[in-house]
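*Asks:*
Numbering (my numbering), first residue to last: -16 to 308.
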């Protein structure tokens, strides 16, 4: 542990030195971003190894490292650099979504579908009602709601409640992947994580459709939001199945350099999803689900993901930590 601390201290000092040098003829932001990428990757990984001594998951170390070296504490990573490195978020989220879909074994999880459904239902009801009641009780202390109508207050509560139901699957998937957890409870958590993301999109669109007329003081339901979301979801599911077929064909007939293929495929898929206004997370979640449940190549997919996930997870969670103000 002392050796790791010495190495980290040396790297921090080295990074502090280089961030104060102006490189002539080189875009300083690009140079700083590239150095920051390498520095963050190594330091966050080492801090992750240290926290395992305290029986904590490695991602805790990645996040802590990001917070410490980020712009709001030591400031080795400036805000522009952190924003540049956030481009990795899309790759990380795609990989996490692919993992979530690939780990979702329907034959195993279907036994708990009722329990999973109840958990999602009650969480949604409690959070939505909690936010609505909170704003009704304390609207006099919320500046933008002090002169608002009852309908507007309820509408704001619905929208914020729907947003609060959503939680990122990143941490859950990363911990399951790191610990190689298995069993009924893991299946339950995974089922809630995957299905909740799909349900939340529908809940938010419905809440927005109901709340917007209430906030604006109009009557009627704005069904255009629901139509738009359903259209986007159907498009994403369709693209996801096509992506799953392409991944399956590669694993079946080529099956070489899986990590390289997945990274290239994700980069292509991310840009394509943006072009057609589809949901990246849903696309890769469906692709992983298809490969796992409609073929015998699910294990190959998970192996390929695990081979490429470490550096991406390290950077993703470190930058998430550095982004915290």
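Ideal Cβ positions, reconstructed from N, Cα and C, are used throughout, including at glycine.
1. Note down the Cα distance separating residue 152 from residue 57, rounded to an integer number of angstroms.
2. Under a three-way DSSP split, which group does residue 57 fall into?
3. With burial defined as no fewer than 16 other Cβ atoms inside 10 Å of the residue's Cβ, what is the status of residue 85: buried or exposed?
4. List, from N- to C-terminal side, the beta strand (DSSP E) runs of 3 residues or more that fit wholly inside the segment 241 to 286.
5. Could you say if the segment 224 to 231 and the segment 175 to 188 meet the contact criterion of at least three C-beta pairs nearer than 8 angstroms?
6. Quick check: what's the CA-CA separation for residue 257 versus residue 214?
7. Could you compute how far the alpha carbon of residue 7 sits from the alpha carbon of residue -3?
8. How many whole angstroms separate the CB atoms of residue 40 and residue 158, which I take to be in contact at a CB cut-off of 8 angstroms?
9. In three-state terms, what does DSSP make of residue 66?
10. Is it buried or exposed, residue 296, if we count other Cβ atoms within 10 angstroms and call 16 or more buried?
11. Look at the alpha carbon of residue 232 and the alpha carbon of residue 123, and state the distance between them as a whole number of angstroms.
12. For residue -11 and residue 3, what's the separation of their Cα atoms in angstroms?
13. Straight-line CA distance for residue 115 to residue 21?
*Replies:* This is what the structure gives:
1. In the chain shown, the residue the question calls residue 152 occupies position 169. In the chain shown, the residue the question calls residue 57 occupies position 74. Cα to Cα, the separation comes out at about 29 angstroms.
2. The residue you call residue 57 lines up with position 74 of the chain shown. Coil, per DSSP.
3. As a position in the chain shown, residue 85 is number 102, starting the count at 1. Of the residues assessed, residue 85 falls on the buried side of the cut-off, its CB having 16 or more other CB atoms within 10 angstroms.
4. Qualifying beta strand (DSSP E) stretches: none in this window.
5. Judged by Cβ distances under 8 angstroms, the segment 224 to 231 makes no contact with the segment 175 to 188, as fewer than three pairs qualify.
6. Taking the first residue of the chain shown as position 1, residue 257 is located at position 274. Taking the first residue of the chain shown as position 1, residue 214 is located at position 231. Their Cα atoms are separated by approximately 15 angstroms.
7. One-based indexing of the chain shown puts residue 7 at position 24. One-based indexing of the chain shown puts residue -3 at position 14. Per-residue confidence for residue 7 stands at a pLDDT of 49, beneath the threshold of 50, marking its modelled position as unreliable; the derived number appears in the next sentence. Using only the alpha carbons, I get a separation of about 19 angstroms.
8. On the chain shown, position 57 is the one that residue 40 refers to. On the chain shown, position 175 is the one that residue 158 refers to. Confirmed, about 5 angstroms.
9. Reading the chain shown from its first residue, position 83 is the one you call residue 66. Helix, per DSSP.
10. Stepping through the chain shown from its first residue, residue 296 is reached at position 313. Classification of residue 296: buried, given that the 10 Å Cβ count is 16 or more.
11. Here residue 232 corresponds to residue number 249 of the chain shown, with the count starting at 1. Here residue 123 corresponds to residue number 140 of the chain shown, with the count starting at 1. Spanning the alpha carbons of residue 232 and residue 123 requires a straight line of approximately 59 angstroms.
12. As a working note, residue -11 is residue 6 in the chain shown. As a working note, residue 3 is residue 20 in the chain shown. If you take the alpha carbons of residue -11 and residue 3, they lie about 22 angstroms apart.
13. Counting from one through the chain shown, the residue named residue 115 turns up at place 132. Counting from one through the chain shown, the residue named residue 21 turns up at place 38. It is roughly 45 angstroms from the alpha-carbon of residue 115 to the alpha-carbon of residue 21.
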